[in-house]
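Novice:
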Amino acid sequence: MFAQFKTLPQLFDFFSNEDVCMSYWEQVRWNGNVTCPHCGSENPYKTNRGYKCKNIECQKKFSSLVGSIFENTKIPLRTWFAAIYLCTNHKKGISSLQLSRDLGIHQKSAWFLLHRIRQTLMEIAPEALGGEGVVVETDTTIVGGKTKTMSKKKRSSFKGDRNAAMANKTAVSAYVERGGNIRFDVVDANENEPDLVRKHVDTGSVLMTDTANAYVAVGKEYAAHESVDHSKDEYVRGHAHTNTIEGAFSHFDRMVIGVYHNISRKHMQAYCNESAYRYNTRKTTQTNRFEDTVMKCSGVRLKYDALIAK
Ligand SMILES: [Zn+2]
Numbered sequence: 001m002f003a004q005f006k007t008l009p010q011l012f013d014f015f016s017n018e019d020v021c022m023s024y025w026e027q028v029r030w031n032g033n034v035t036c037p038h039c040g041s042e043n044p045y046k047t048n049r050g051y052k053c054k055n056i057e058c059q060k061k062f063s064s065l066v067g068s069i070f071e072n073t074k075i076p077l078r079t080w081f082a083a084i085y086l087c088t089n090h091k092k093g094i095s096s097l098q099l100s101r102d103l104g105i106h107q108k109s110a111w112f113l114l115h116r117i118r119q120t121l122m123e124i125a126p127e128a129l130g131g132e133g134v135v136v137e138t139d140t141t142i143v144g145g146k147t148k149t150m151s152k153k154k155r156s157s158f159k160g161d162r163n164a165a166m167a168n169k170t171a172v173s174a175y176v177e178r179g180g181n182i183r184f185d186v187v188d189a190n191e192n193e194p195d196l197v198r199k200h201v202d203t204g205s206v207l208m209t210d211t212a213n214a215y216v217a218v219g220k221e222y223a224a225h226e227s228v229d230h231s232k233d234e235y236v237r238g239h240a241h242t243n244t245i246e247g248a249f250s251h252f253d254r255m256v257i258g259v260y261h262n263i264s265r266k267h268m269q270a271y272c273n274e275s276a277y278r279y280n281t282r283k284t285t286q287t288n289r290f291e292d293t294v295m296k297c298s299g300v301r302l303k304y305d306a307l308i309a310k
């Protein structure tokens, strides 16, 4: 723990200028062992504007922002840090419009910046959730394109055409350990629920679902499988319920509807990860969550062209 602040005003006091921000970033990234991002050599020369590698075959100059989400940024680190603080600590996230107003940057810059922060929250090679004796609830929901919020004209154009009605919607599956972590996974056209359950939930777990047919066969592969029949108005039967996941979905829905309004299928997983990250770090402090996110910023890149590519 290097950061010493608890509130946004204290953050701005703590990160009083760019030099302070840069040395904080280097401390978090390298913890005293400055390493060349090109070849991995340690102890480079310090230059006026950064470092120069000592490895005779490399000798590249680099700034400590190279090889991180901050590479080539024109936005001051101080602004970045405030954005990371706001994005990871607001319960429902923050829109690019709001962030642009709060921090005095263009909305397009704010949008790109927030996507780069989300990129650091991607889980690389995640382990299955649950384990022996752990209850894992799973369910799938449809996000976006709610017909009730559409204009009458648009809604009537979908009448009887299920494919058209689904066109701007995205199926999202979720897996949550009771008292533990959550994971969301956007369901692609070539994926089915049983395979996703196998991918995300350890077979030693107690699987908890609704009575959808998709879960019947896969449920037999688990230590136990219990379900509640929502179609018969059954929601809780002893410890059999899916209240945890429904709570998480309703929270996710409020984020989508209240803050981000409309999320395209392409970016849905990024917003899912943002929401899951806040859920999974709910027991930590705002400052720890901030610093944990800054630690994830090296080794991750997201170029604008890749972000907007179809
Ligand atoms: Zn090097």
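FYI, our numbering numbers position 51 of the sequence shown as 51, with every residue one higher than the one before it. Idealized CB from N, CA, C, for every residue including glycine. Values in this document were obtained by computation on a predicted structure and should not be read as measured data.
#1: Give me the Cβ distance between Arg-289 and Asn-89, rounded to the nearest whole Å; I'm assuming they're in contact under 8 Å.
#2: Less than 7 Å separating the Cβ of Ser-41 from some heavy atom of ligand 1?
#3: Measuring only from the beta carbon, is Lys-61 closer than 7 Å to any heavy atom that is part of ligand 2?
#4: Is it buried or exposed, Glu-193, if we count other Cβ atoms within 10 angstroms and call 16 or more buried?
#5: Which residue spans inside the stretch 208-247 form an unbroken alpha helix (DSSP H) run of at least 4?
#6: If you follow the alpha helix (DSSP H) that Arg-278 is part of, which residue opens it and which one closes it?
#7: Am I right that Ile-75 and Leu-129 are in contact with their C-beta atoms under 8 Å? What's the rounded C-beta distance?
#8: Any idea what DSSP makes of Val-34, helix, strand or coil?
#9: Give the secondary structure of Glu-291 by DSSP, where H, G and I count as helix, E and B as strand, and everything else as coil.
#10: Grab me the residues of Val-300's own chain with a C-beta within less than 6 Å of its C-beta, minus the 5 sequence neighbours each way, in chain order.
#11: Just list the alpha helix (DSSP H) runs in the stretch 71-112, keeping only unbroken ones of 4 residues or longer that don't cross its boundaries, in chain order.
#12: Candidates Ile-182, Thr-203 and Ala-214: which alpha carbon is nearest Glu-191's?
#13: Quick check: the stretch 125-142 against the stretch 228-248, are at least 3 beta-carbon pairs closer than 8 Å?
#14: I'd like to confirm something about Asn-48: is its beta-carbon nearer than 7 Å to some heavy atom of ligand 1, or not?
#15: Based on DSSP bridge pairs, tell me the residues matched to Arg-183.
#16: Assuming Ile-56 and Cys-87 are in contact, meaning their beta carbons sit under 8 Å apart, how far apart are those beta carbons, in whole angstroms?
#17: Using 8 Å as the threshold, is the C-beta distance between Val-228 and His-239 below it?
#18: Alpha carbon to alpha carbon, what distance is there between Ala-224 and Pro-9?
#19: With a 10 Å radius around its C-beta and 16 neighbouring C-beta atoms as the bar for buried, classify Ser-16 as buried or exposed.
#20: Between Asn-55 and ligand 1, is the CB less than 7 Å from at least one heavy atom?
#21: Would you check whether ligand 1 has a heavy atom nearer than 7 Å to the C-beta of Cys-58?
#22: Should the stretch 59-68 be regarded as contacting the stretch 95-107, the criterion being three or more beta carbon pairs within less than 8 Å?
#23: By Cβ distance below 8 Å, which residues in the same chain neighbour Ala-189 in space, the five residues on each side in sequence not counted?
#24: How many Å lie between Asn-280 and Ser-41 at the Cα?
#25: In the structure shown, what three-state DSSP assignment does Asp-13 receive?
#26: Could you tell me the distance, in whole angstroms, from the CA atom of Gln-269 to the CA atom of Arg-282?
#27: Counting C-beta neighbours from all protein chains within 10 Å, is the total for Met-208 16 or more, i.e. buried, or is it exposed?
#28: Could you pull out every residue in the same chain whose Cβ sits closer than 8 Å to the Cβ of Thr-211, ignoring the five residues on either side in sequence?
#29: Below 7 Å CB to CB, which residues in the same chain sit around Asn-181 once its five sequence neighbours on both sides are set aside?
Specialist: So, from the data block:
#1: 6 Å
#2: yes
#3: Within the structure as shown, ligand 2 is missing, the only ligands being ligand 1.
#4: buried
#5: 214-219
#6: 265-280
#7: Not a contact, Cβ separation roughly 35 Å.
#8: coil
#9: helix
#10: Ile-69, Gln-119 and Thr-120
#11: 77-89 and 96-103
#12: Ala-214
#13: yes
#14: no
#15: Tyr-175
#16: Not confirmed; about 42 Å, so no contact.
#17: no
#18: 50 Å
#19: exposed
#20: yes
#21: yes
#22: no
#23: none
#24: 35 Å
#25: helix
#26: 20 Å
#27: buried
#28: Ser-227, Val-228, Asp-229, His-230 and Ser-231
#29: Leu-129 and Asn-280
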